[in-house]
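Numbering (the numbering used here), first residue to last: 1 to 798.
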């Protein structure tokens, strides 16, 4: 007895229910052959499977039908839908193309094809398909919605908003369009309007998770963090498996310095979406902040295993490897990042800075010109600190700082204006730093904090980073302040609020735009007067910083317009020192340090990123003219040492004449060993700063070539303040001639050393008490202007 078509159909339904997929295809063929009219029944079975979320069964039925029936538009169309629903986007495109071959002017198919191209991130192709659909039928809201998606990803934000508006005109209650419309608004930094668009979506569909998510993102950008967290929670209450919400919530918690909670959220995101490479990369940043470097590196590598061309992960990996002191690998990671994305934020200049640290100068000048071109196009091409050692130009430094400040910490009115307050009995100074520990900034400033006149000032410390329990400087610093506050676990807005509540009159940022800076604190206006001082030799580029403390050498009057801050001039030098910071009694001998018993010793203990080919060529010429001389340099890192030896050898200098000093644990011992140097040779365009002060304190003269920008004029400032201006040169030739002259004329050098020895006791440079009075005078003048209702203005040293 043969099966009838109806019995075959019954059998098909049964095997589909039993998930015996291998039997289904043969039964479909048999049913179709015995009764072609069964096509409609088979079609309905496929639809039923799809409606009951039996997508694989439905897809199998439609694929078999497509092989049996070549020119049925509906089969190809539904097959496209099914493949798309299962993430087979290329297969979906193929099915839609087959449908369009049969029915070229079908707008619905073109819309679905455009939507699928969006999923594939082929946004230009998506736009072509969607525009074709709209030309056929402009009354399909989904076409405009998907066009908005494509335009937004193509960064055509205003057009994207227009597309969403068209969708809403056709369907005013189209909550997906209202929600999506918030995204280009947010990209245009129209955060309030973005929130309003989300609210409109939620008025039609209160449980729409994506609208809560998009609103949370906009509130995050408005830095309304608590409101944003509430919205993220609402989004997750409706769709707890939404990985992107967990990841963005983690970003917000990271901004609030709730790092462990952020890691928990990243892990939740990755539990739902293990191939979420952006989350792996961002998780590495949180782990990096917690100094869990090996874990951070593993997280980065997970991101790159999933997406080998994800440039942000390569850049993050470079930063992590630097912290692990694996500098060569870090440099390679930067190269990888830039090979995949030439305009990745900050990476180009930071990569060049790292190459300087390694002593890699190949194509250096060409890269500098390329960096300049990027900056002319206002690209986010470098962080401000990196550019100081690359380009000696205050206008460039200003441009970089302004780009960085605008992106990282724009002025934020969240706390409102500071209301004018009555004059306190004493001016309250708040010093903010991440370096209240064994660090050059604290080595220099500790006595200043101790010497402040407590009849006139109350002195507060806001410590931005914890210090190790073994740190020897921390206890002294805690005792130096009237109040020492650890704010390392507080967010920027919380720190600013704390400073306001304490009535800080003048907030002094000792970090500027350096690695551990928290400039965002000042974006909220932590105090009525905000000052950039010491830690960073340049402008912050931020209009909420009122003053930069300088002197007449580091910032000329004609250069003041290249600083967003008003310049407060000190009379001698802007740099302070601690008079108790003196050499140890340990006596060092040349031989134990690898120096020759006889001959002239040039020295430079600067960081390796301050070296460059021009500097080393000058030194090679000096060494070649002073035949019995050597140069003594900080080792810095093994790659730098190897490369520097190679560079000197290329210039005809025996590598044995280049001696490397290893790091010593005691600063006092370091000051003692510096005395073995006969003459300190400075670097440019980034001078010796603390190292110059160290050399002069140890009785070693410095020769510097003065430059144009703050960082290249510091050594000249110190030499002026120690009353040895003849050691400041203006050209490489003058610099080299003076070095050779002093090396070959022991009597002349001896006279300079004698003057230096005397001047250390009488000149302003090492007179900490005098410096304290000078800076207190500046602070009092700033405060007086404020109390009289006057805006900040340049303060001259009179």
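Even glycine gets a Cβ: it sits at the ideal position worked out from N, Cα and C. Predicted model, so just to flag it, every value in this text is computed and none were measured.
- Counting the other Cβ atoms within 10 Å of the Cβ of residue 357 gives 16 or more, which makes it buried.
- Going by C-alpha positions, residue 678 is about 57 Å away from residue 416.
- The segment 457 to 544 is shown to contain whole alpha helix (DSSP H) runs of 4 or more residues at 474 to 480, 492 to 501 and 520 to 523, in chain order.
- One alpha carbon belongs to residue 637, the other to residue 753, and they sit about 31 Å apart.
- Annotated three-state conformation of residue 437 is coil, per DSSP.
- DSSP links residue 672 through a beta bridge to no other residue.
- Under the three-state reduction of DSSP output, residue 707 falls in the coil class, being neither helix nor strand.
- In the three-state reduction of the DSSP assignment, residue 178 falls in the helix class.
- Going by beta carbons, residue 116 and residue 93 fall inside the 8 Å limit.
- The beta carbon of residue 177 sits closer than 6 Å to the beta carbons of 145, 164, 167 and 168 from its chain, once the five residues preceding and following it are set aside; these are given in chain order.
- Just measuring C-alpha positions, the residue of 257, 256, 251 and 448 sitting nearest residue 266 is 251.
- Ranked by Cα distance from residue 795, the first of 580, 550 and 724 is 550.
- A check of alpha carbon separations from residue 529 across 538, 554, 566 and 663 identifies 566 as the nearest.
- For residue 566, the beta-bridge partners assigned by DSSP are 547.
- For residue 89, the three-state secondary structure derived from DSSP is helix.
- Of the candidates 505, 331, 238 and 430, 505 places its Cα closest to the Cα of residue 423.
- Residue 632: member of the beta strand (DSSP E) spanning 629 to 634, first to last residue.
- Bridge partners of residue 681 according to DSSP: 703.
- Spatial neighbours of residue 220 in its own chain (CB-CB distance under 6 Å, excluding positions within 5 residues in sequence) are listed in chain order as 228 and 252.
- In the structure shown, residue 430 adopts extended strand secondary structure according to DSSP, grouped into three states.
- Here residue 651 is not near residue 692, since their CB atoms are 8 Å or more apart.
- Comparing alpha-carbon positions, the option among 606, 225 and 316 lying closest to residue 640 turns out to be 606.
- Beta-bridge annotation (DSSP): residue 603 is paired with 632 and 680.
- The Cβ atoms of residue 579 and residue 447 sit closer than 8 Å to each other.
- Per DSSP, the beta-bridge partners of residue 660 are 633.
- The C-alpha of residue 573 is placed about 26 Å away from the C-alpha of residue 426.
- Around the beta carbon of residue 646, fewer than 16 other beta carbons lie within 10 angstroms, which makes this residue exposed.
- Looking at the DSSP output, residue 728 shares a beta bridge with 704.
- Residue environment analysis places residue 761 among the exposed positions, since fewer than 16 neighbouring C-beta atoms fall within 10 angstroms of its C-beta.
- The distance from the Cβ of residue 630 to that of residue 674 is about 15 Å, inconsistent with a contact at the 8 Å cut-off.
- DSSP places residue 157 inside the alpha helix (DSSP H), whose first and last residues are 157 to 170.
- At the C-beta level, residue 768 and residue 577 come within 8 Å of one another.
- Exposed is the label assigned to residue 750, since fewer than 16 other Cβ atoms lie within 10 Å of its Cβ.
- In the three-state reduction of the DSSP assignment, residue 120 falls in the coil class.
- Counting the other Cβ atoms within 10 Å of the Cβ of residue 305 gives fewer than 16, which makes it exposed.
- Contact between residue 527 and residue 499 is confirmed by a C-beta separation of about 6 Å, below the 8 Å threshold.
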